[in-house]
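In what follows, a structure is listed as structure tokens, so that the remarks can point back to it.
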Amino acid sequence: MNKTEARRAELRETLVNLAEAQIVRGGMSSIKARDLARDAGCALGAIYNVFTDLTELVMAVNGRTFTRIGREVAGAVTGHETEPPERRLVLLAHAYLHFAADNQHLWRALFDLELPEDDKVPDWYRSELQGLFGHIAIPVSELFPSLAVRDLDLMVRALFSSVHGMVLLGLQNRISGVPRANIEAMIEAVLLRLAERDTEKLNIVQINS
């Protein structure tokens, strides 16, 4: 790496750190290019020599957040590998809730960011999200071993969406949600029902080839 590339990489890291700190303090809407340039000690235009736009910068922050969530949920089941799969799903979901509750601005940035058209979302960004789904897929595949790969992916995404919705409504204190103290119990009640069903009873929609 030459000096120019090294300075560029250093500025990139600085900007991601600053943007992350701004999101933590005030949410994604608090990010302002001029503030970033001032705090980084660089020209405003230098930001756009490193990132195409602020969306790309927030995506870099989000990549870190996905990684952190992945570590949190993986840690939640470490030492519990012999627990029934539905119990491990509950542990994963509770870890997700705890991260969201403790890091609400960073967590909201994952879903509030308006991404580019689907075919322009970088592969690395998709990979970070898929890494999170991979933790969920392990116990789900044990619960439903006969699921085809595409149907397993559908089930994982459905469960994630269900838990995410409960967390979102609960943390936002929406009328259709429940108090935060009860979110864990609600998540557990839903996920433990999986142990009582099989793929036929769930009426999973099979995806036609």
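All letters in the sequence shown, in the order written, are residues 410 to 618 by my numbering.
Heads up, the beta-carbon is just placed ideally off N, CA and C, and yes, glycines get one too.
These figures come from a predicted structure and were not determined experimentally.
{"query": "Ranges of the beta strand (DSSP E) found wholly within the segment 483-559, counting only runs of at least 3", "result": "none"}
{"query": "Backbone secondary structure at Thr474 - three-state DSSP", "result": "helix"}
{"query": "The segment 542-562 touching the segment 514-524, judged by at least three CB pairs closer than 8 angstroms", "result": "no"}
{"query": "Residue of Gly574, Leu524, Leu501 minimising C-alpha distance to Leu601", "result": "Leu501"}
{"query": "Same chain, Cβ closer than 7 angstroms to Leu445, neighbours up to 5 away in sequence not counted", "result": "Leu424, Leu427, Ala428, Ile456"}
{"query": "Inter-residue spacing [alpha-carbon to alpha-carbon] between Asp607 and Leu506", "result": "For Asp607, the predicted structure reports a pLDDT of 49, less than 50, and the residue's modelled location is therefore unreliable. A value from the coordinates is still provided. Rounded to the nearest angstrom, the two C-alpha atoms are 26 angstroms apart."}
{"query": "With 16 other Cβ atoms within 10 Å as the buried cut-off, status of Met410", "result": "exposed"}
{"query": "Neighbour-count burial assignment, Gly579, 16 or more Cβ in a 10 Å radius", "result": "buried"}
{"query": "Assigned secondary structure, Lys441 (DSSP; H/G/I helix, E/B strand, else coil)", "result": "coil"}
{"query": "Cβ-Cβ separation, Val482 to Ala452 (assumed contact under 8 angstroms), whole Å", "result": "With a Cβ gap of about 40 angstroms, Ala452 and Val482 do not count as contacting."}
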